[in-house]
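The numbering used here applies: residue 20 is where the sequence shown begins, and numbers increase by one.
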Amino acid sequence: MFARVTRRLLSFTPEEKLVYNKLSKELNPSKIKVQDVSGGCGSMFAIDITSDNFKGLSMVKQHKLVNRILQDDIKRWHGLQLRTRSD
């Protein structure tokens with residue numbers, strides 16, 4: 020499981036690293052992918068995350084949980100592509 024979550028942090032942009040660390044700390048995901056899809060300017064992100072913390076939650080509630088964790092960051096973004104699922 021650890022191998023799926025880890026990624027060479029050196030390849031992250033600073034904003035990707037920040038988002039990755041926040042979500043990893045709060046949700047303890049088994050899988051996580053954070054990608055700046057704005058061409059590197061940090062205005063739009065694609066996040067794909069799998070976590071036991073989503074078990075029993077509707078997709079809307081899963082997304083609200085992620086949005087709450089990232090609420091301060093999302094204010095600076097143009098958009099977010101979010102895919103969540105439980106283990």
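C-beta atoms are modelled at their ideal positions from N, C-alpha and C, and glycine is treated no differently.
Contact under 7 Å by Cβ, residue i with residue j
i: residue 63; j: residue 57; result: yes
i: residue 82; j: residue 101; result: yes
i: residue 86; j: residue 46; result: no
i: residue 67; j: residue 80; result: no
DSSP three-state assignment for residue i, whether helix, strand or coil
i: residue 56; result: coil
i: residue 106; result: coil
i: residue 50; result: strand
i: residue 73; result: helix
i: residue 101; result: strand
For residue j and residue i, the rounded distance between their alpha carbons
i: residue 49; j: residue 106; result: 8 Å
i: residue 92; j: residue 34; result: 9 Å
i: residue 78; j: residue 84; result: 10 Å
i: residue 32; j: residue 75; result: 33 Å
i: residue 43; j: residue 97; result: 23 Å
Buried versus exposed, by CB contacts within 10 Å (16 or more), residue i
i: residue 55; result: buried
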